[in-house]
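Number of protein chains: 2
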Amino acid sequence: MNISGENYIGYKNSAQNSETFTTFNPQLNIPNSWSFHEASEEEIDEACSLAEMAFPIYKQMPGAKKAEFLRTIADEIEGLGDELISVYTQESGLPEGRAIGERGRTMDQLRAFASLLEEGSWVEAIIDSAQPNREPQPKVDIRKMLFPLGPIAVFGSSNFPLAFSTAGGDTASALAAGCPVIVKSHPMHAGTGELVASAIITAAEKTGMPNGIFSNLNSSGIEVGQQLVLNPKIKGVGFTGSIKGGMALYNLAGEREEPIPIFAEMGSVNPVVVLPSALLENGENWAKQYASSIMLGAGQFCTNPGLILAIKSTSLDSFITDLGKEIGELESSCMLHPNIHENYEKEKQKLSNQGGVNVVAENEKSVSPNYARQKVLTVNGSNFLKNNKLQREVFGPFSIVVRCEDANQLEQVISKLDGQLTGTILGTSSELEKYSKIVQAIQSKVGRMLFNGVPTGVEVCPSMQHGGPFPASTDSRFTSVGTSAIKRWVRPVTYQNWPEHLLPMELKDDNPLEIMRIVDGEHTNRKI
Amino acid sequence: MNISGENYIGYKNSAQNSETFTTFNPQLNIPNSWSFHEASEEEIDEACSLAEMAFPIYKQMPGAKKAEFLRTIADEIEGLGDELISVYTQESGLPEGRAIGERGRTMDQLRAFASLLEEGSWVEAIIDSAQPNREPQPKVDIRKMLFPLGPIAVFGSSNFPLAFSTAGGDTASALAAGCPVIVKSHPMHAGTGELVASAIITAAEKTGMPNGIFSNLNSSGIEVGQQLVLNPKIKGVGFTGSIKGGMALYNLAGEREEPIPIFAEMGSVNPVVVLPSALLENGENWAKQYASSIMLGAGQFCTNPGLILAIKSTSLDSFITDLGKEIGELESSCMLHPNIHENYEKEKQKLSNQGGVNVVAENEKSVSPNYARQKVLTVNGSNFLKNNKLQREVFGPFSIVVRCEDANQLEQVISKLDGQLTGTILGTSSELEKYSKIVQAIQSKVGRMLFNGVPTGVEVCPSMQHGGPFPASTDSRFTSVGTSAIKRWVRPVTYQNWPEHLLPMELKDDNPLEIMRIVDGEHTNRKI
């Protein structure tokens, strides 16, 4: 398939704007050949209008039909074959194996949501039967379930060109919920985005979806996204990226007359608390695992371990030495884009210049352009407590080990941390009890708690929580990974005294979809 | 018990500020004798600090212990006896029967949340077991459940001095979720508020709750509430009141560094769509029922039917005549406060002065001070479509009947409506099918759909949705009535690879609380 560089406005390709931009091959350090038309104001408005018209049609389609659409998207993405992998690698600098893995994850996510729809219980159907003889007043029949919000705008991330972009978790969950989606394509991988958009459009046509169920807008700047967020037809926004970008959207949305949910998954340094016993026997092993975790994907994971917190000891000294040695031996790898690489070098330098920090390991070798040279620093607890800059996320293979005086100082350090996606504890289970205050302190700051592991690698499953207290995300009550992500795009509607045969399938007496419901207080999948 | 007029800062009574205010008896048209000390900045800060300290202690208490606290609050409110009823009526102008009914509802709500906690499944426990042999990578054990957000600020409503105030739905749901609560007492019923606050404090002491689990702040102006919403220790806000008040808080919260959920339940005109057959046989009956619904509680219900939409016909003419006759025969009743009465008369006059409106019924009799004289207007569809003011809520016994030319115009009128708490359809079930576009249009605007009934009277049950698209509320995804309200004050936390014996009870293998969970995709209350 050829990359047209055009916008996908529902079922129509459109290139009203003569202004174009290109993507960049960071491995070769040259621009890619495709050029992309910036979406025009009219195109954005048309995408929103089509989405608004598609909404009532799509909303009423049965879950099985929506599931068929999602499964067909997955198939069509698979059908893009090697071309998708090739464009992905050219636009991201990431290796082919990663591209194939991420494609698999993207298809798995779409199919997981399809299964969720086919099973059907996710709508949280609750039924309270009538009690015509209740005193002092009779009780009427009341039933409730979840319905979609309306058109959703999705801003793909730079670091996951497939799994958190055009047909990534935000799009999959919004389509599953019953919402049309308009993607503001990430400018660093607009070609990958177009290929995936074409797969979604083909799937939509094949499964008889209404025009406007999906649009894909190209943009190298911020205006297209701004216009999208301010459009009154948009009823929710999903974003994955930096704190700066996420908060700009969040604050912009504050200018809307109608408040809408803005889910921005932003930054995190994913603190790792190393309790004393962890390093007594396993120090070398943890050093090896953490060196790999810091280096994974050139450190461009939102769950990258950027902060390692421990109480000073000789075993900690050994761990730091081992970590430095292990990470020093790993090969650097290519970052997503020269801008990201440049920003990495700048931020790394800024933190290296802070008072009281010492270098544990630093790759000072000459490397290919856009390759990220890893660095690990250490600082003592009191210097960390004095300087809030030291908890800033550096997007890349970078981490700081904080050596605390004692458990009290460690607890102080934790209490000073911002909200995070994850918090990890290394130690023994008896230490989890001994240091329960530390465990509680971490729990209050994060969305996911890990014991004896590395935070990188986010399982896509119903029990996953990806999102944490601000500023890790703008709304810690929802997840952007796993099937619970569907809950971001819905609201409950109650039917009171409604004729039984006109109720939605999920609320009918005979429970034709055989879903789990709460009927008069009891969890059951039985008929009434 | 004497009304002290002091603030309740945790377990301490406090009156730092010499500035005081009084409440007003609208029936007697004289101020009440009690005087209330405005909360000082220091008192507000202290309440927030105590709540923050109480949070980690309260959060970890088992559900059964929290339930005991809620049940004891209900008992203590009951124990206030006649004094509560007397102060309630003196501060609201509402009759004793209403006071007793609302007290019952308040206690029922507290006990319903206690039952929810005792049952325990509300935490949405999800468990995905480890699969150590999964290819290409092993899967680790992951488990998730809901945890409380932190201290919550509650702004009671004027129109429900008990059920939506100090120990009302917001407070009950936040305490049930595991969050300390700070109430900004409503200045119109600060005495009722203090009595209920004393019941909560007594219950907290009796059941061994930490100091700061609850505070009650007096305030006649807006500053105390503003300071509360901006305090970084506050993690969520519940408000019931006007659009103006709710949006002021919502916008103020935008100035916070950390975004927090703001649940403002604001205004609604609760449109009633009258389909043609409804009036053929039942016209007189509906006229009687709607006259009562409009007059209920002096029209001071958030679900008051302020807009009746119908297609012109001779049966509509008869209905309008009957409605006018029925409502004209009802006695007017006392409003909550002279300010509310004055505002009612002003807003009623404003809408009466709009172009094209005709009076259906108007009470022009001389009435006691603060009594609300009912009024019903009619306007044709085209005039309604031209004038957005005609859909403004008039808080009181007031309604407008819109006579549409045909079904198309009726649909246009509906599409022009703002978001609403409720939408009601009167007709036959075959008409619901015939006018399915109208039904869909109403569904997209409301939180609760009713068939052949009146919107006033909100059942407190798991299937209730009280809250609708903006501006009915700031977040249509949550309800402020019914047990689902607990979901406003929680966020999920995931435990990955956590030692089984240290997991929260709800996530342990042997399911000691016997709650319903989703285990490897299956809804079950079995052990693992």
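The listed protein sequences derive, respectively, from chains Y and A.
When the first sequence is numbered by the working numbering, its final residue is 561 and no position is left out of the sequence of numbers.
When the second sequence is numbered by the working numbering, its final residue is 561 and no position is left out of the sequence of numbers.
No residue lacks a Cβ here, since even glycine has one placed at the ideal position from N, Cα and C.
Give every residue of the same chain whose Cβ lies closer than 7 Å to the Cβ of A:E151, excluding the five residues on either side of it in the sequence, and list them in chain order. G96, A97, A100
Going by alpha carbons, who is nearest to A:P265 out of A:A84, A:S496, A:S325? A:A84
Sequence-distant residues of the same chain with beta carbon closer than 7 Å to A:Q322, five excluded per side: V487
Please state whether the Cβ-Cβ distance between A:P181 and A:V434 is less than 8 Å. no
Is the segment 355-363 of chain Y in contact with the segment 469-478 of chain Y, if contact means three or more CB pairs nearer than 8 Å? No, because fewer than three Cβ pairs between the segment 355-363 of chain Y and the segment 469-478 of chain Y fall closer than 8 Å, the two stretches do not touch.
Considering Cα atoms alone, identify which of Y:M34, Y:F57, Y:E71, Y:N62 is closest to Y:I42. Y:E71
CA nearest to the CA of Y:Q387, picked from Y:N303, Y:V257, Y:T411, Y:L117: Y:T411
Identify every run of the beta strand (DSSP E) within the segment 223-252 of chain Y, keeping only runs that are complete inside it and at least 3 residues long; order them along the chain. If only complete runs of 3 or more residues are kept, the segment 223-252 of chain Y shows the beta strand (DSSP E) at 247-250, in order along the chain.
Mind checking whether A:F296 and A:V257 have CB atoms under 8 Å apart? no
Skipping 5 residues on each side, what residues in its chain have a beta carbon closer than 6 Å to that of A:A230? Cβ neighbours of A:A230 beyond the five flanking positions: Y41, T199, N249.
Please state if the CB of Y:S125 and the CB of Y:T273 are separated by a distance shorter than 8 Å. no
DSSP state of A:D161 mapped onto helix, strand, coil: strand
Going by alpha carbons, who is nearest to Y:F69 out of Y:E109, Y:G254, Y:N303? Y:G254
Just to confirm, are Y:K379 and Y:R436 a CB contact at a threshold of 8 Å? no
Output, in chain order, the set of chain A residues within a Cβ distance shorter than 8 Å of Y:L535. S462, L465, E466
Over what stretch of residues does the beta strand (DSSP E) that includes A:H70 continue unbroken? 63-70
Taking just the CA atoms, how far does A:Q260 sit from A:E74? 8 Å
Report yes if the C-beta distance between A:R550 and A:I160 is below 8 Å; otherwise report no. yes
What did DSSP end up calling Y:K557 once you bin it into helix, strand or coil? The question names Lys, but residue 557 of chain Y is Thr in the sequence shown. Here Y:T557 sits in strand by DSSP.
Does DSSP put A:Q476 in a helix, in a strand, or in coil? helix
Beta-carbon neighbours of Y:L483, restricted to chain A and to distances below 7 Å: Q529, N530
I need the DSSP call for Y:N416, collapsed to helix, strand or coil. helix
Closer than 7 Å at the beta carbon, the chain Y residues around A:Q496: It should be pointed out that residue 496 of chain A corresponds to Ser in this sequence rather than to Gln. What A:S496 touches in chain Y, judged by beta-carbon distance under 7 Å, is I159, I160, D161, I175, R176, K177, T527, going in chain order.
Could you give the first and the last residue of the continuous beta strand (DSSP E) run that contains A:K345? Per DSSP, A:K345 belongs to no beta strand (DSSP E) and is neither H nor E.
Counting along the chain, where does the alpha helix (DSSP H) carrying Y:Y41 start and finish? Counting along the chain, Y:Y41 falls outside any alpha helix (DSSP H), though it belongs to the beta strand (DSSP E) covering 40-42.
Element boundaries [beta strand (DSSP E), containing Y:S517]: Careful: Y:S517 lies outside any beta strand (DSSP E) and carries neither H nor E.
Can you check whether the C-beta of Y:Y91 is within less than 8 Å of a C-beta belonging to chain A? no
Assuming Y:F146 contacts Y:A209 (C-beta within less than 8 Å), just tell me the rounded distance between them. 4 Å
A:S496 to A:S517 span [Cα, whole Å]: 8 Å
Would you call A:K560 buried or exposed, if buried means 16 or more other Cβ atoms sit within 10 Å of its Cβ? It counts as exposed.
Per-residue burial, A:E314 [other beta carbons within 10 Å of its own, 16 or more giving buried]: Of the residues assessed, A:E314 falls on the exposed side of the cut-off, its CB having fewer than 16 other CB atoms within 10 angstroms.
Leaving out the 5 sequence neighbours to the left and right, which residues in its chain are closer than 8 Å to A:E291 when beta-carbon positions are compared? A distance below 8 Å between beta-carbons, with the five flanking residues on each side excluded, links A:E291 to the following residues of its chain, in chain order: P265.
Between which two residues does the beta strand (DSSP E) harbouring A:M299 extend? Here A:M299 belongs to no beta strand (DSSP E), and DSSP marks it neither H nor E.
Counterpart residues of Y:F428 in DSSP-defined beta bridges: Per DSSP, none; premise fails for Y:F428.
Of all the CB atoms in chain A, is at least one closer than 8 Å to the CB of Y:V302? no
Provide the residue span of the beta strand (DSSP E) that contains A:K217, from first to last. For A:K217, the enclosing beta strand (DSSP E) begins and ends at 214-217.
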